[in-house]
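My numbering numbers the first residue of the sequence shown as 1 and each following residue consecutively.
Glycine included, every Cβ here is placed at the ideal spot set by N, Cα and C.
No experiment lies behind these values; they were computed from the predicted model shown.
First comes the structure, then the notes that go with it.
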Amino acid sequence: MPQPKGKSGNPSGRPLGTPNKITLEVRTWIAQLIDKNREQMEQDLAMLTPKERLMMFEKLMQYTTPKIQSVESRIDFSQLNEAQLNRVIRELAQDLRRED
1 MPQPKGKSGN PSGRPLGTPN KITLEVRTWI AQLIDKNREQ MEQDLAMLTP KERLMMFEKL
61 MQYTTPKIQS VESRIDFSQL NEAQLNRVIR ELAQDLRRED
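In structure tokens:
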């Protein structure tokens, strides 16, 4: 039978937020492996076609650059006064001009 939400079947288990030891060890090993082979990797990258090189950079960036997530925002315009509405309009117009 499953445990109720928020209740652990093993209360003396690993505390929340504690990193997985194996994962940490593997990440450390990979970082050391890359560091030791940096020059060879740069040479190998130089031998790739431009398209292959860009694809490799994109794959590597996944490990260094956080992914951007879309953000949704909703404004109840009926709750804004005239000054607040004018400010929203000005800021939207400025954003549109910057995109041009």
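{"Item": "Can you tell me whether DSSP reads T28 as helix, strand or coil?", "Value": "helix"}
{"Item": "Quick one: give me the first and last residue of the alpha helix (DSSP H) that L92 is part of.", "Value": "E82 to E99"}
{"Item": "Could you round the C-beta distance between L48 and M56 to whole angstroms and report it? I think they count as a contact, below 8 Å.", "Value": "7 Å"}
{"Item": "Look at the Cβ atom of L60, then the Cβ atom of R53, and state whether they are nearer than 8 Å.", "Value": "no"}
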